Amino acid sequence: MSDSSSNEVDATDQEHREVGRGLLDEEMGPSGAMAHLYRGEIHRMRFWRERLDRTTNWAVIILAALLTWAFSSESNPHYVLLAGSTVLCVFMTIEARRYRGYDIWRSRMRTLQKNVFAYGLDPSQGLEDQDWRAKLSKDYREPRLKISRTEAIAHRLRRVYLPLVTIILGAWVLRITAFADVSWPASAMIGVIPGTVVTATVFLSYIALFAIALNRKTWHAETELMTEDLRNK
793 MSDSSSNEVD ATDQEHREVG RGLLDEEMGP SGAMAHLYRG EIHRMRFWRE RLDRTTNWAV
853 IILAALLTWA FSSESNPHYV LLAGSTVLCV FMTIEARRYR GYDIWRSRMR TLQKNVFAYG
913 LDPSQGLEDQ DWRAKLSKDY REPRLKISRT EAIAHRLRRV YLPLVTIILG AWVLRITAFA
973 DVSWPASAMI GVIPGTVVTA TVFLSYIALF AIALNRKTWH AETELMTEDL RNK
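Residue 793 is where the sequence shown starts when you use our numbering, and the numbers rise one by one after that.
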């Protein structure tokens, strides 16, 4: 390596060191531009996280209301539970769209954490990404959604909605078997639609949701605490 190339590498490394170290200097404090930038990204991420939680809360409330109503009387139709599962899927779609927005701010926050704060605390571990400045600059110039709609839906299914749909499916099965005037499959009938067709449609829909939830071939979301991460020592 030539002396000029070596000097360029040393200058770049020194530049990265100063960014990380500056945020930890006492005289810089909270007035630093990078610190304000990080604080702003945290605020935006928190705002979008609250929007996610709000949708989840409404889904849980609707689920509880449907279960209470469905089992309050044997005369109440079972298909209201199926309508409730459709409402849950609508909430899931809305929440997936919000999750894509949330991932924008979280990915920026994680970029700063990994390449500024982590590096400033321990430069010996090196940088997570040598081109993080250029990538973050491009993201500020041209903000883009970083994950697909399918990935967002799969994430929200795994975290929230697949368990909720499983609960409402189990309640529906219990409703058409143990709490019905007639035996299955007649108890699953909806109008002129035979009970076998209704049951097959319900279970095929659930299998489709389960398959989407397990699809992680295009996982681009920023890392966060996963179950597997918590097990690692």
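Even glycine gets a Cβ: it sits at the ideal position worked out from N, Cα and C. Computed from a predicted model, the values in this text were never measured in an experiment.
Check                                                                                                                                                                      : Outcome
Near residue 1034, what residues of its chain come up, given a Cβ to Cβ distance below 6 angstroms and the 5 sequence neighbours on each side ignored?                     : It is not possible to answer for residue 1034, since the shown part of the chain is limited to 793 through 1025.
With DSSP as the reference, label residue 982 as helix, strand or coil.                                                                                                    : strand
Taking 8 angstroms as the cut-off, decide whether the C-beta atoms of residue 973 and residue 939 are in contact.                                                          : no
Quick one: measure Cβ to Cβ for residue 872 and residue 861, integer angstroms, because I've assumed they're closer than 8 angstroms.                                      : 7 angstroms
If you draw a straight line from the C-alpha of residue 827 to the C-alpha of residue 844, how long is it?                                                                 : 26 angstroms
Closest to residue 949 by C-alpha separation, out of 883, 830, 835, would be which residue?                                                                                : 883
Hey, quick one: how far does the alpha helix (DSSP H) through residue 839 stretch, first residue to last?                                                                  : 825-862
Please report the distance separating the alpha-carbon of residue 842 from that of residue 976.                                                                            : 43 angstroms
Check whether the segment 903-914 touches the segment 958-971, counting contact only when three or more Cβ pairs, one atom from each stretch, lie closer than 8 angstroms. : no
Could you round the C-beta distance between residue 840 and residue 876 to whole angstroms and report it? I think they count as a contact, below 8 angstroms.              : About 26 angstroms; that fails the 8 angstroms criterion.
Taking contact to mean 3 or more Cβ pairs, one atom from each stretch, closer than 8 angstroms, check whether the segment 980-999 and the segment 919-928 are in contact.  : no
Could you check which residue in 995, 930, 952, 1004 has the C-alpha nearest to that of residue 847?                                                                       : 952
List the whole-angstrom C-beta distance separating residue 945 from residue 901, where the pair is believed to meet the contact cut-off of C-beta under 8 angstroms.       : Residue 945 to residue 901, Cβ: 23 angstroms. No contact.
Tell me whether residue 913 sits in a helix, a strand or coil according to DSSP, three-state version.                                                                      : helix
Who are the Cβ neighbours of residue 897 in its own chain at under 7 angstroms, not counting the five residues just before and after it?                                   : 833, 836, 837, 840
My assumption, with CB atoms under 8 angstroms, is that residue 956 sits in contact with residue 855. Please give the rounded CB distance.                                 : 6 angstroms
Does DSSP put residue 746 in a helix, in a strand, or in coil?                                                                                                             : It is not possible to answer for residue 746, since the shown part of the chain is limited to 793 through 1025.
Could you work out which residue in 965, 908, 1000, 933 is closest to residue 825 when comparing CA atoms only?                                                            : 908
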